[in-house]
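Notes follow once the structure below has been shown.
Protein chains in written order, with the working numbering: chain A, 197 to 346; chain B, 435 to 841.
Printed below as a string of structure tokens:
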């Protein structure tokens, strides 16, 4: 089984090189559609100044590209007590494409228990979307941005 | 040493399997396979209802609408009809950079097939239904050059029976002037203003019904199957697919869903996202810059023939697109993504036919030029000039197969 050192070196490079090459190609292809790493995809967050807890959820459970959907925002105190009667706004867009949503979603109903109905949500393409929710409630004005990846 | 030999054999075996799958029609990842399946006509959902048009799916309305679509008397001089720009022999468009009726229009004629699936019609989406769209050209001095009173008179004189079967009696035209419309000037405007409000409403209602009949016909014009659909369907079920598309077409498909990122906007079975985008298409020399979607938003909202208007059959809950319309400055020079079905049969390209060939149209996306106004969404991708022939080949595989209309 005597192999020359030359042959052995070739094999080693081949065995190390192939997976590295494949990984580079794979990662390169993935980056074409690159959604930034480490996006916070939580659907419940504290607002920027910490005045409220806000959650943002599609009523259908899942989000899809295409149809106009209803979503629900829940607004709570940092301790989790629901807040009714706040003025809640929402808008969004695609940071990587430089455009907003294809529609103008609006809060159309105060559902009670801290819930606010959002109508007119529509995503026209897959990728990274951001949705900014503003809350004007008893503690004042605050906002929070959610990341959604479709 | 034996371990190294075994590992080498394993790598070689993996490469061999990958190559076998590649050349055996399995060149696609699972993600790519589902993207390809999502673009097949077989994934086209059932035609959504048009709640704003109660006759949309009635055969009598289709028959009346077809007659009206081809009737050249629907114009001021009897020489222009819907069919003038939307020729069935040319994928229901005209192959011209600007629509030509009584004059030369500002934009290119859009194809009709599959437009019943679109929430917005025309390049700028100023109409929110097929019937609202159908009414515009009749009164456009550059297109049919006619008007609503003349159209109502035509229906009363030549289509009274089929019209009455669908909508009830046609208005009494005995005391009506020959012509008139609130949108036009001179004698037509004066004639309209002289009418009693109730008469105006009757005319508007009949005019809307004319649009609804034409829309019922246009709803029957569905996208046609292509070789790409045959390939996608065969791939989905694991049937032999190798001979359906050429290697060049498959390379183009890979670029379309991969590096070119075309599928981002040209997605789904109709290969459109039905949305408005500024892609940096150039303006026309010596013409004011077309604002695109920006100007259309108020036109759509204020049209008496929209989904929320008094001539619509829809409930408020049915008019989501109009109620939540995006009214924003980022729509400057945004135009609706056109379908790519039968695209190779429809040069010239873009909203005013600025680009003459398929290859040049693809080149536009490689260059991703700065927009003449507003901001282009296009970003340069990994596409290279050498990729253009394959992409063009793939787009040609979307040509309809003669005589095979979906479903």
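Glycine included, each C-beta is placed from N, C-alpha and C at the ideal position.
message = Can you list, in chain order, the residues of its chain with a C-beta nearer than 8 Å to that of residue 755 of chain B? Leave out the 5 residues immediately preceding and following it.
response = 553, 554, 562 and 741
task = Given a cut-off of 9 Å, decide if residue 593 of chain B and residue 478 of chain B are closer than it, judged by their beta-carbon atoms.
result = no
ask   = Where does residue 254 of chain A fall in DSSP's three states?
value = strand
inquiry  = Can you confirm whether residue 707 of chain B, when its beta carbon is compared against all beta carbons of chain A, has any partner nearer than 9 Å?
reply    = yes
inquiry  = I want to verify the contact list: residues of chain A whose CB lies under 8 Å from the CB of residue 759 of chain B, in sequence order.
reply    = 299 and 300
ask   = Count the other CB atoms within 10 Å of the CB of residue 678 of chain B; is the residue buried (16 or more) or exposed (fewer)?
value = buried
Chain A contact for residue 822 of chain B (CB, 9 Å cutoff) = no
key: Proximal chain A residues relative to residue 699 of chain B, where beta-carbon distance stays under 7 Å   = 321
ask   = Can you find at least 3 beta carbon pairs, one from the stretch 829-838 of chain B and one from the stretch 657-667 of chain B, that sit closer than 8 Å?
value = yes
key: Per-residue DSSP class, three states only, for residue 350 of chain A   = With chain A running from 197 to 346 in the structure shown, residue 350 of chain A is simply not present.
message = For residue 825 of chain B, would you say it is in contact with chain A, using Cβ-to-Cβ distances shorter than 9 Å as the test?
response = no
task = Hey, could you find the ends of the alpha helix (DSSP H) residue 476 of chain B is sitting in?
result = From DSSP, residue 476 of chain B is part of no alpha helix (DSSP H); its letter is neither H nor E.
request  = Evaluate contact between the stretch 705-723 of chain B and the stretch 802-816 of chain B, counting only Cβ atoms and requiring at least three cross-stretch pairs below 8 Å.
outcome  = yes
Complete beta strand (DSSP E) runs within the stretch 274-335 of chain A (minimum length 3 residues, chain order) = 283-290, 302-308, 311-317 and 324-333
ask   = For residue 801 of chain B, is the classification buried or exposed, using 16 other Cβ atoms within 10 angstroms of its Cβ as the cut-off for buried?
value = exposed
key: Local conformation of residue 737 of chain B per DSSP, three classes   = coil
request  = Would you list the one or two residues that DSSP bridges to residue 272 of chain A?
outcome  = A:249 and A:278
Burial state of residue 820 of chain B, where buried means 16 or more other Cβ atoms lie within 10 Å = exposed
key: Anticipated Cβ contact below 8 Å, residue 630 of chain B with residue 612 of chain B, distance rounded   = At roughly 18 Å, the Cβ-Cβ gap does not stay under 8 Å, so residue 630 of chain B and residue 612 of chain B are not in contact.
query = Where does residue 224 of chain A fall in DSSP's three states?
reply = Caution is warranted here: a pLDDT of 46 is assigned to residue 224 of chain A, below 50, making its placement in the model unreliable, and no coordinate value can be reported.
query = The alpha helix (DSSP H) with residue 757 of chain B in it runs from where to where?
reply = 754-757
message = Between which residues of its own chain and residue 305 of chain A is the CB-CB distance below 6 Å, once the five residues before and five after are set aside?
response = 313
key: Stretch pair the stretch 520-533 of chain B + the stretch 774-790 of chain B: three plus CB contacts closer than 8 Å   = yes
query = Quick one: is residue 694 of chain B buried, meaning 16 or more other Cβ sit within 10 Å of its Cβ, or exposed?
reply = buried
key: CB contact check: residue 225 of chain A to chain B, cutoff 9 Å   = For residue 225 of chain A, the predicted structure reports a pLDDT of 44, less than 50, and the residue's modelled location is therefore unreliable. The matter cannot be settled from this model.
request  = Pick out whichever of A:248, A:205, A:261 and A:240 has its Cα sitting closest to the Cα of residue 324 of chain A.
outcome  = A:261
message = Measuring straight from C-alpha to C-alpha, what distance separates residue 793 of chain B and residue 786 of chain B?
response = 17 Å
inquiry  = For a cutoff of 9 Å on Cβ pairs, would you count residue 351 of chain A as touching chain B?
reply    = One cannot answer for residue 351 of chain A here, as it falls past the ends of chain A, which runs 197 to 346.
message = So for residue 267 of chain A, helix, strand or coil by DSSP?
response = strand
query = What do you reckon, is the C-beta of residue 639 of chain B under 8 Å from a heavy atom of the ligand ZN?
reply = As for the ligand ZN, it is missing from this structure, which has no ligand bound.
query = For the stretch 257-282 of chain A, which residues have a CB atom closer than 8 Å to at least one CB atom of chain B, in sequence order?
reply = 261, 262 and 264
inquiry  = Just to confirm my understanding: we take residue 830 of chain B, look at its own chain, exclude 5 residues before and 5 after, and list those with CB closer than 8 Å. What are they?
reply    = 683, 778 and 792
Distance, residue 760 of chain B Cα to residue 290 of chain A Cα = 14 Å
inquiry  = I'd like to know whether the C-beta atoms of residue 541 of chain B and residue 565 of chain B end up nearer to each other than 9 Å.
reply    = no
ask   = Assuming residue 310 of chain A and residue 270 of chain A make a contact with CB atoms under 8 Å, what is their CB distance in whole Å?
value = 5 Å
request  = Measure the alpha-carbon distance for residue 254 of chain A versus residue 232 of chain A and round it to whole angstroms.
outcome  = 23 Å
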